[in-house]
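Heads up: the sequence shown runs through residues 1 to 332, numbered per full-length UniProt numbering.
These notes are about the structure you will find just below.
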Amino acid sequence: MESEFLQNIANYKPRYFNNSKVSIWHKLPISRRSAVLVILFLGKSGELRVVLSKRSRKLRSFPGNIALPGGRADTGLESEWQTARRETEEEIGISQSDLILKEKFGCSIDQINLFPCYLSRTFLAVTPCIGFLKWSPSKLKSFEDQHISSVMLNPGESSSIFSVPLKDFLQPKPRNEKLKECLKSKHITTKWGDLPWQYRSFIFPIDNPNEVKWLDEVQDLSSSEEETAKEIELNDLGEKIKIRDVWGLTANILHDLADITYNGSKAYDKEIGEEELLNALHEEGGQLSTKQRTDYELKMMNHTSAKNASFKEYLSKETFQKLQKIYNGNVA
């Protein structure tokens, strides 16, 4: 049972800017605060799995992408955990109330830890909230009795829901260990605003015999959308299957989580997220300070104009060099 690895996540102590005990998340305007819920649970073979969804193609940002459930804060009093739980209920129907989950389905979501903020390409501070979905033994006679009938996709938000093994997000793949379900992965260190930026991609098959019943039975809404799946050649026979590509911010979060989960204290000193960059942009660069995005932020969000843009435009030489050093080492 991989549940023993959850202690590694609980023992991790997030590092914030200048040894602060508080994340930059709480200093930003409400509209810039976002949180995602990483729901871990045990699969059929005792492996840790993570719940993911496919974003609706009706959404303006990242339509059709694979993502963790979550979204922006509603009020200044709403915590990261509260934001992630509320948004998860709105998107995929898993109640934000553990009392309801316990009474109706015999389960609950334990809060394990919060990660430092990540900077999204849309200039939001995104906090990953790590939770463990556990079931009451007294309510279950077998693994197949696990059931959350309230899981229901909001068609305006999500088009499908599924799970994959957390361990498959380790990169590079551990020696002498096979990937459980991931077909292939890649990692490229690129640049954004003249700072090192990690691009990761993990390919999983859509048809998965290892999927748990309570997710497998949720109606897939993506069939009514255009380009419902990509295809990938698997072998010399030219066989092709439909796949899901977990990439970008979601892939980076899950890579870092897998590293901490399975490598424990060896991974605790690695740079997680972009708290340093977020603080520099906010405190020194005057960005992320207003509800509306600045002209500079809009330029950085545009793939074409961002090629000629740099974080150096609003940061001191000393700060920029410090950030380069930090993120040059973030290549695990």
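The beta-carbon is built from N, C-alpha and C at its ideal position, and this holds for glycine as well.
By how many angstroms is the C-alpha of residue 162 removed from the C-alpha of residue 155?
15 Å
Enumerate in chain order the residues of its own chain whose CB-to-CB distance from residue 218 is below 6 Å, with the five nearest sequence positions on each side excluded.
151, 161
Does the distance from the C-beta atom of residue 200 to that of residue 255 stay below 8 Å?
yes
Could you pull the start and end residues of the beta strand (DSSP E) that residue 96 belongs to?
Run containing residue 96: none; DSSP gives neither H nor E here.
C-alpha gap between residue 178 and residue 133, whole angstroms
26 Å
Enumerate in chain order the residues of its own chain whose CB-to-CB distance from residue 327 is below 6 Å, with the five nearest sequence positions on each side excluded.
For residue 327, where only same-chain residues beyond five positions count, the Cβ hits under 6 Å are 195, 196.
Sequence-distant residues of the same chain with beta carbon closer than 8 Å to residue 9, five excluded per side
112, 113, 130, 257, 260, 261
When the Cα atoms are used, what is the spatial distance from residue 286 to residue 101?
43 Å
Taking the continuous alpha helix (DSSP H) assigned at residue 325, which residues delimit it?
317 to 328
Which same chain residues end up closer than 8 Å to residue 347 when comparing Cβ atoms and leaving out the 5 residues on each side of it in sequence?
In the structure displayed, the chain extends from 1 to 332; residue 347 sits before or after that span and is not available.
Terminal residues of the continuous alpha helix (DSSP H) containing residue 299?
295 to 301
Who are residue 50's beta bridge partners in DSSP?
In DSSP, residue 50 forms a bridge with 40, 164.
Within the stretch 1 to 32, note down every full alpha helix (DSSP H) run reaching 4 residues or more, in order along the chain.
6 to 11
Boundaries (first-last residue) of the alpha helix (DSSP H) holding residue 260:
248 to 263
Neighbourhood of residue 90 by C-beta distance below 8 Å, restricted to the same chain and skipping five residues each side:
71, 154, 157
With distances taken Cα to Cα, identify the nearest neighbour of residue 181 among 203, 171, 174.
203
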